[in-house]
Each structure stands twice: as structure tokens, then as C-alpha cells.
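Chemist:
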Amino acid sequence: MKCPNCGSENCQFIATTETHGKSFSFSNACCGSILLGPIGILCGACGTGVHSKTHEYWICNTCGKRFNQYEARKSMEADAHRIEKFTFYKEIQARTGAVVNHTGIDIYELYASETDTDDWEEDVLGDNILYNGNSMNVTFTITANDLDWDFAIRDMDGAQYEYYGLSFKDCDVNGATLVLDSDGNATLN
-11 MKCPNCGSEN CQFIATTETH GKSFSFSNAC CGSILLGPIG ILCGACGTGV
39 HSKTHEYWIC NTCGKRFNQY EARKSMEADA HRIEKFTFYK EIQARTGAVV
89 NHTGIDIYEL YASETDTDDW EEDVLGDNIL YNGNSMNVTF TITANDLDWD
139 FAIRDMDGAQ YEYYGLSFKD CDVNGATLVL DSDGNATLN
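Just so we're aligned: 47 in this note's numbering is position 59 of the sequence shown, and the numbers increase by one with no gaps anywhere.
Okay, here's the thing in C-alpha cells:
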């Protein structure tokens, strides 16, 4: 168990039992003697009025906090949420990196947008030119849920080439290579 106060796993489980009530019941002894005779008196010694309640909790040996299972579970759920957010952030960062141009043309403008967007976003190259065979770091964000993107490139003469539904699924975490085959079909590797 992990302490919700300090995060230490050096915690000790404690269970206590509280007992309330009388141990001998005169009324049960009388009823028992009428029904069972002398053996019924022994039934009164059973103490039917006894009630027990068990308390379970942990004590942190590091900070001394006393906490119950509910508090510990709440703390663990909060930790799990933080880990999930970190993993999501890590997935986003893992897909950001270099784009390598293997199109056969120099790229003067490069537009990238998610497939569900009707507009081209801003030119990710800015004032730079991505020459054929070269690579460049770009700053657009790709998440694990949005791996399919649309791209448009413009060459030196202003001709625009558009490629839809290119997937980052099989790309290296360090970047993506834009490749055009002899038929003009684009892929990301």
C-alpha cells in the first residue's frame, strides 16, 4: 500500500476489533432452561448480546499518517491519471521530428493538416526551402489518435501537389520521409 500523504510504500496494515455487549444473557438462560432444561442455562453463557466491529487501516512508517483503503485508492487513481497524462504527452512528443524530402523536387511550401480539416494549415517550412534529399525539423503535432494527415507541397514555380490520408503509423519516432513513387503516389516512411 502506498501512503497518500508522502507516497512511501513503507506502510503497516492494522486491524482492530471492538466488542460491545454482555457476555451472559439471563433472559436467554431462562428461555433455554424452559426449553432444554439445565443445558439451556449454558446457552445463556453464549452471550447473544455481543456485537463486534472490525476497523482496518494502514499507518505510514515514514510520515506517521493513518489512512484507510478508500483514501489509498483515491491516491492511486490520481497517480494513474497523472501517468496517463504523461503517457499521452510522451506519445505526442514521439511523433514530432524531421521531415525528409525524397520527392524529386525542391519543396518551397509544405502544408500539413489533419484529415478531418477542410483548410490547409500554415506553411510548416516558414521561410525555409526543403531541398530534395534534405531533411528539416518541423513543428506540427501528431498524436496517437490522429496518425492520418493530408499534405500539400508547392514547388519553385508555385505548382501545388496535394496528398490525402498519408499515415504516420509506420514512421520512425525521429521523423518521417515523404516519398513519391514513379506514378506520383506519396507515402510516409
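Glycine residues also receive a C-beta, built at the ideal position from the N, C-alpha and C atoms.
1. Measuring alpha carbon to alpha carbon, tell me which of Phe156, Ala140, Ser155, Lys157 ends up nearest Tyr149.
2. Ignoring anything shorter than 4 residues or poking outside the segment 97 to 159, list the alpha helix (DSSP H) runs there in chain order.
3. Can you give the beta carbon distance from Ser101 to Asp94, rounded, assuming they're within the 8 Å contact cut?
4. Quick check: Asn89 and Tyr119, are their CB atoms within less than 8 Å of each other?
5. Using CA coordinates, which residue listed in Leu135, Leu176, Tyr99, Asn177 is at the minimum distance from Arg142?
6. DSSP three-state call for Ile2: helix, strand or coil?
7. Work out the CA separation of Asn(-2) and Met(-11) for me, nearest whole Å.
8. Once you ignore the five residues that flank Leu168 on each side, which residues in its own chain have a CB closer than 7 Å to its CB?
9. Which residues in the same chain as Ile117 place their Cβ atom closer than 8 Å to its Cβ, once the five residues preceding and following it in sequence are excluded?
10. With burial defined as no fewer than 16 other Cβ atoms inside 10 Å of the residue's Cβ, what is the status of Phe55: buried or exposed?
11. Helix, strand or coil: which one does DSSP assign to Lys41?
12. Suppose the cutoff is 6 Å on Cβ atoms and the five residues either side in sequence are ignored; what does the same chain contact list for Trp46 look like?
13. Compute the distance between the beta-carbons of Met124 and Ala86, then report whether it is under 8 Å.
Modeler: With the given structure in hand:
1. Here the question's residue 149 lines up with position 161 in the sequence shown. The residue with the shortest Cα to Cα distance from Tyr149 is Ala140.
2. none
3. In the sequence shown, counting from the first residue as 1, residue 101 sits at position 113. In the sequence shown, counting from the first residue as 1, residue 94 sits at position 106. Contact doesn't hold; Cβ gap of about 22 Å is too wide.
4. Residue 89 sits at position 101 when you count from the first residue of the sequence shown. Residue 119 sits at position 131 when you count from the first residue of the sequence shown. Yes, these two residues count as a Cβ contact at 8 Å.
5. For the purposes of this step, residue 142 is identified with residue 154 of the sequence shown, where counting begins at 1. The option with the nearest alpha carbon to Arg142 is Tyr99.
6. Locating residue 2 in the sequence shown gives position 14, counting from the first residue. Of the three classes helix, strand and coil, the one that applies to Ile2 here is strand, per DSSP.
7. Within the sequence shown, residue -11 is the residue found at index 1, counting from 1. Within the sequence shown, residue -2 is the residue found at index 10, counting from 1. Cα to Cα, the separation comes out at about 8 Å.
8. Residue mapping note: residue 168 aligns to position 180 of the sequence shown, counting from 1. For Leu168, where only same-chain residues beyond five positions count, the Cβ hits under 7 Å are Thr91, Gly92, Ala174.
9. Within the sequence shown, the letter at position 129 stands for residue 117. These residues qualify, in order along the chain: Asp94, Ile95, Tyr96.
10. To locate residue 55, count along the sequence shown from 1; it is residue 67. Burial call: buried.
11. On the sequence shown, position 53 is the one that residue 41 refers to. Correct three-state label for Lys41: strand.
12. The residue given as residue 46 occupies position 58 in the sequence shown. Closer than 6 Å at the Cβ level, and outside the excluded window around Trp46, lie Met(-11), Cys(-1), Phe1, Phe55.
13. As a working note, residue 124 is residue 136 in the sequence shown. As a working note, residue 86 is residue 98 in the sequence shown. The answer is yes: Cβ separation under 8 Å.
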